[in-house]
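Undergrad: Pasting a structure here, questions to come.
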Amino acid sequence: MRHSNFPAMAAMAAVLMMSGCTTSGVDTTKTTAIQPAAKDTETSDLAQGKAQFRDANYGLAEKHFRKAVELKADNAEAWMGLAASYDELGRFDFADRAYSQLLKVAGRKPQIVNNMGYSQLLRGNRKKAKALLLEAKAGMADPTVVNANLALLNKG
């Protein structure tokens, strides 16, 4: 087998390797107004989740809270937001899993129990909601939020 073009191909490869990658002519002019990514993505997603939740964009809130817990699994605030987002979306199966993780991370705190009670209220489980809300009320210094949830329970 004869390779008659081998010397010419080898010479061309050498020229390409030597002249290949140069950066001297790169234009470094700023062409976009997009800010660099936040250094702490978890905090950024937590803040975005809260903002979206306040604006009643529960699907977007869920996305950001989920990302925050994926980045830092022991972030109780993100788990709380994720569970509340699932509640508002009517995804109670996912809400239960998020509350379960939240209890492992933060313990059984009155604010968490209050949210769990509200979750049961949204589902129509009045008896379970009342028990959880009363448990939360007993442990809170300022039971204003729990009282509002109990008023909703008594209204329906």
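Residue numbers (mature numbering (1 follows the signal peptide of the UniProt record, and there is no 0)): -24 to -1, 1 to 132. For each residue, glycine too, the CB sits at the ideal point set by N, CA and C.
1. If you run the structure through DSSP and keep just helix, strand and coil, what is Arg84?
2. Would Leu129 and Arg102 qualify as a contact pair, given that the criterion is a beta-carbon distance under 8 Å?
3. For Gln77, which option in Ala52, Asn123, Ala37 and Asn125 has the closest C-alpha, if you only look at C-alpha atoms?
4. Going by beta carbon distance, what residues of the same chain come within less than 7 Å of Val122, once the five residues before and after it are set aside?
5. Could you tell me how far apart the beta carbons of Leu79 and Gly35 are, in whole angstroms, since I believe they sit closer than 8 Å?
6. Looking at the unbroken alpha helix (DSSP H) that takes in Lys103, where does it start and where does it end?
7. So the alpha helix (DSSP H) Lys48 belongs to, where does it begin and stop?
8. Assuming Tyr62 and Glu38 form a contact by the criterion Cβ under 8 Å, report the distance between their Cβ atoms to the nearest whole angstrom.
9. If we count the other Cβ atoms within 10 Å of its Cβ and call it buried at 16 or more, is Arg30 buried or exposed?
10. Could you compute how far the alpha carbon of Val45 sits from the alpha carbon of Trp55?
TA: Reading off the structure:
1. Coil at Arg84, not helix or strand.
2. Taking 8 Å as the Cβ cut-off, Leu129 and Arg102 qualify as a contacting pair.
3. The shortest C-alpha separation from Gln77 is found at Ala52.
4. Cβ within range, chain order: Asn90, Leu109, Ala112, Lys113 and Met116.
5. About 25 Å separates the two Cβ atoms, so there is no contact after all.
6. Where Lys103 is concerned, the enclosing alpha helix (DSSP H) starts and stops at Arg102 to Gly115.
7. The continuous stretches of alpha helix (DSSP H) do not include Lys48, and DSSP gives it neither H nor E.
8. That pair is a contact at about 7 Å.
9. So Arg30 ends up on the exposed side.
10. The alpha-carbon atoms of Val45 and Trp55 are separated by roughly 7 Å.
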